[in-house]
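Below: the structure, in structure tokens.
In our numbering, the protein residues as written are 4 to 652.
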């Protein structure tokens, strides 16, 4: 219990061992110095992480994993090291990260491991800062990330069966792993003799996870063996692990991999149940959920710090190892947020603050200091001092002084695809036939009258409807009908459809195509002969947008869909700030070409995180795509506001 470790921390260290009767989790011996068990300190060793008699051994020495999750793709590269130093200062010895396939291979056959996706640099930096790594390469990662990290171009195949041994899926995984493992294999802690010819020894990776929470999916009994062999054949020699919640634990196993468990509340008997699945193996909580994620239209979830630390202490009392998910959540920059679909579709917000140990901007929380106190007592040697936090800036009001309507942008920047039938986003002819992954799609057709427009639930996920350029209404999962007013002659019917984020968890992954996924009917007649415009809003498009003619002063009352722009002038060294969009309705913000993510007045999130490294001295260009009701200014503030809070039950 919490009171047990508080009483114990006053006990003396006897005979070189930390002891406390009645507090078994504190019988952790000081017979080895934790500070020496670091990637650089053990460079060139060969044993790596092993299991023996229900404990972990690292290079033959007893080892407990005190881990924390942070994702390199959710944190600006300039801040990676700061977050790692804060991990060390908290008392952690291991970093865990997912690897997002849909960022590393945005287009089929084109791989990107550069800049903020430089996985080798990230892992090497972890080693430099004394952190071991548990790598979670998927191919599926969940993580409240679009389609659980799987690239949407997989869904071009109408027969696709994700997370199975379906040939179309495994061929794509094999091609991806061929590239990914060239980065990963040399950074393993121990390298097999047969690999010495190609790779020098030494790296921070002590374990690799096989897929992710497959027990909650479990559609193919051969799939986990396939993923395991895909890793082994490409040179993975470290300890393999699986990760599941209690209900999925027995369905996510694969021979030769250590099963670990995920939870937030420590249920009585959970570790005994783990023993029935695998005997005489060390216990590990791969995901101890330190908080929770938020959905648009809901509250900002928080998890009580004292309850969290009490549970962590109870887990450690059992002798188990632990990974804090999340230690630092970061941000779902761009259009990368995931979604849930249980009773209804709910998309995740841009912030991945998660009420984690560090905030979205990397600042300390009470959870950090409570955990640091707990871990310092257990480890038994002084921890590094916590790094100073970066101050935040309030740059004040920013005027958006120019705008251009989407309708004025179309002729000069976008060439439509023509199709008799609706085409879903993934099958639009773009990106070397890879299709469109994110953003918006505009479907335009000609009608000769009005009447009842019915979607038959074929809109994914939300559409604004216009006749010519006049707004008529919205369609989504709940609103599937809309009356179109009568008019004279032929008119253009436009449907601007937003992909709000693909579901990342559950059994509906194969149904995550976006845009119009089937016919839409006007008076029971299916619409035909579309012009289809892709609005991915990639950097090249945003750069071209700045050069297009037609920008004008913002009128007193302006409505979208339209782009608005203004400038933020910074005199001194830029600092982190937060953009508040009070008076704006729904859209996306770009700063110096960087997509900060979505905003929506329904909340809970009211500010967008703007990292200082993405700013510069002098003029900073801000562009907002507003779907409907625009304001005139936005505010740069030094404190985030993530919405009304609700405690996680």
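Glycine included, C-beta positions come from ideal geometry on N, C-alpha and C.
Helix, strand or coil at residue i according to DSSP, with G and I counted as helix
{"i": "residue 617", "result": "helix"}
{"i": "residue 148", "result": "strand"}
{"i": "residue 202", "result": "Annotation note: pLDDT 49 at residue 202 (below 50); position unreliable, coordinate value reported separately. In the structure shown, residue 202 sits in coil (DSSP, three-state: anything other than H, G, I, E or B)."}
{"i": "residue 364", "result": "coil"}
{"i": "residue 605", "result": "coil"}
{"i": "residue 444", "result": "strand"}
{"i": "residue 541", "result": "coil"}
{"i": "residue 482", "result": "coil"}
{"i": "residue 460", "result": "coil"}
{"i": "residue 520", "result": "coil"}
{"i": "residue 536", "result": "strand"}
{"i": "residue 490", "result": "coil"}
{"i": "residue 156", "result": "helix"}
{"i": "residue 572", "result": "strand"}
{"i": "residue 344", "result": "strand"}
{"i": "residue 298", "result": "strand"}
{"i": "residue 454", "result": "strand"}
{"i": "residue 336", "result": "coil"}
{"i": "residue 565", "result": "strand"}
{"i": "residue 255", "result": "coil"}
{"i": "residue 650", "result": "strand"}
Nearest-angstrom Cβ-Cβ length linking residue i and residue j, presumed shorter than 8 Å
{"i": "residue 302", "j": "residue 518", "result": "Not really, about 30 Å apart at Cβ, beyond 8 Å."}
{"i": "residue 535", "j": "residue 420", "result": "5 Å"}
{"i": "residue 106", "j": "residue 120", "result": "6 Å"}
{"i": "residue 624", "j": "residue 587", "result": "Contact flag wrong, Cβ pair sits at about 18 Å."}
{"i": "residue 591", "j": "residue 601", "result": "6 Å"}
Beta-carbon proximity of residue i to residue j, cut-off 8 Å
{"i": "residue 266", "j": "residue 651", "result": "no"}
{"i": "residue 230", "j": "residue 211", "result": "no"}
{"i": "residue 263", "j": "residue 232", "result": "no"}
{"i": "residue 521", "j": "residue 573", "result": "no"}
{"i": "residue 341", "j": "residue 108", "result": "no"}
{"i": "residue 327", "j": "residue 70", "result": "yes"}
{"i": "residue 354", "j": "residue 608", "result": "yes"}
{"i": "residue 314", "j": "residue 274", "result": "no"}
{"i": "residue 416", "j": "residue 547", "result": "yes"}
{"i": "residue 387", "j": "residue 207", "result": "no"}
{"i": "residue 91", "j": "residue 51", "result": "no"}
{"i": "residue 143", "j": "residue 334", "result": "no"}
{"i": "residue 99", "j": "residue 72", "result": "yes"}
{"i": "residue 357", "j": "residue 329", "result": "yes"}
{"i": "residue 377", "j": "residue 308", "result": "no"}
{"i": "residue 135", "j": "residue 239", "result": "no"}
{"i": "residue 257", "j": "residue 407", "result": "no"}
{"i": "residue 677", "j": "residue 562", "result": "Residue 677 falls outside the range modelled here, since the chain spans only 4 to 652, and no answer is possible."}
{"i": "residue 526", "j": "residue 495", "result": "no"}
{"i": "residue 616", "j": "residue 79", "result": "yes"}
{"i": "residue 389", "j": "residue 85", "result": "no"}
{"i": "residue 410", "j": "residue 352", "result": "no"}
{"i": "residue 156", "j": "residue 429", "result": "yes"}
{"i": "residue 580", "j": "residue 367", "result": "no"}
Per DSSP, the bridge partner or partners of residue i
{"i": "residue 469", "result": "474, 497"}
{"i": "residue 419", "result": "Its beta-bridge partners do not exist; DSSP assigns none."}
{"i": "residue 248", "result": "265"}
{"i": "residue 592", "result": "600, 627"}
{"i": "residue 290", "result": "265"}
{"i": "residue 99", "result": "72, 137"}
{"i": "residue 66", "result": "59"}
{"i": "residue 326", "result": "70"}
{"i": "residue 529", "result": "524"}
{"i": "residue 427", "result": "518"}
Outcome for residue i when other beta-carbon atoms lying within 10 angstroms are tallied against a minimum of 16
{"i": "residue 577", "result": "buried"}
{"i": "residue 438", "result": "buried"}
{"i": "residue 589", "result": "buried"}
{"i": "residue 325", "result": "buried"}
{"i": "residue 531", "result": "exposed"}
{"i": "residue 614", "result": "buried"}
{"i": "residue 225", "result": "exposed"}
{"i": "residue 345", "result": "exposed"}
{"i": "residue 25", "result": "Residue placement at residue 25 is flagged as unreliable, the pLDDT there being 34, under the threshold of 50; the coordinate-derived value follows with that caveat. Looking at its Cβ environment, which holds fewer than 16 other Cβ atoms inside 10 Å, residue 25 is exposed."}
{"i": "residue 331", "result": "buried"}
{"i": "residue 255", "result": "buried"}
{"i": "residue 74", "result": "buried"}
{"i": "residue 218", "result": "buried"}
{"i": "residue 571", "result": "buried"}
{"i": "residue 362", "result": "buried"}
{"i": "residue 654", "result": "In the structure as shown, the chain starts at 4 and stops at 652, and residue 654 therefore has no counterpart that could be examined."}
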